[in-house]
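Residue numbers (my numbering): 66 to 293. Built from N, CA and C at the ideal position, the CB exists for glycine as well. Model, not experiment: these values are computed from the prediction. Reading through the structure tokens given below for one structure.
This is the structure:
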């Protein structure tokens, strides 16, 4: 175990952000039971979230209307339609029937840009999306934004320098009760640091990067990626 100083880096919190919208349709199946029109009961028996086309989503964002149904914003950042019956429901005199009802929604939020293929957003997982396309299919929804081109930038920033205990596997920062294990995933480390140049060393990291100054090597700092 070696006692030395380490520099800790973390993800930047000043990344470029742009507006984005997520559009989807909630399809709800409702079972209705009727007894001579004296007693009628309803219960939801199925629910499914479906994507709509990116073209329809972009048009709805601008017009505030989707498939001829107006959208209202009762909650900031969320526009929805009223319940829409997908078919004419015929209520039997006695017995059950099932009919479908839809609600369309548009959520507004932001996308944080690291580079053209690295996007972060609370709207969903955009790992397989690119900034320049302006659209992305996620699980049961479509996310759209204004296509743009962004130059790659380093995603790390310096946190501070700490006294630490370093082994071949772990780094301990006793003063703050922090412990890290060295990450052996070289590809992940490369992707995290690929836009960071030597001049940008004070801004480097994936999840966390430590740069310990080992006493037996004064000429070169050892830089290894770790995750907490």
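- [ ] Please classify residue 202: does DSSP put it in a helix, a strand, or coil?
- [x] strand
Task: Cβ-based burial, residue 158 [other Cβ within 10 Å; buried from 16] - done: exposed
Task: Distance, residue 195 Cα to residue 181 Cα - done: 5 Å
Open item on the list: Applying the 10 Å Cβ sphere with the 16-neighbour rule, what's the burial state of residue 220?
Closed with: buried
Task: Cβ-Cβ distance between residue 89 and residue 170 below 8 Å - done: yes
TODO: For the beta strand (DSSP E) containing residue 170, list its first residue and its last residue.
DONE: 159-180
Open item on the list: Tell me whether the stretch 205-213 and the stretch 107-125 touch, counting them as touching only if at least three CB pairs, one residue from each stretch, are closer than 8 Å.
Closed with: yes
- [ ] Take every Cβ of the stretch 77-84, pair it with every Cβ of the stretch 161-179, and state whether three or more of those distances are shorter than 8 Å.
- [x] yes
TODO: Look at the alpha carbon of residue 108 and the alpha carbon of residue 96, and state the distance between them as a whole number of angstroms.
DONE: 5 Å
Open item on the list: Assuming the contact rule is C-beta atoms closer than 8 Å, residue 135 and residue 127 should be a hit. Round their C-beta distance to whole Å, please.
Closed with: About 13 Å separates the two Cβ atoms, so there is no contact after all.
Task: Helix, strand or coil at residue 187 [DSSP, three-state] - done: coil
- [ ] Pick out whichever of 113, 114 and 138 has its Cα sitting closest to the Cα of residue 125.
- [x] 138
Open item on the list: Taking its Cβ as the centre, do 16 or more other Cβ atoms sit within 10 Å of residue 249, making it buried, or is it exposed?
Closed with: exposed
- [ ] Quick one: grab the DSSP three-state call for residue 211.
- [x] coil
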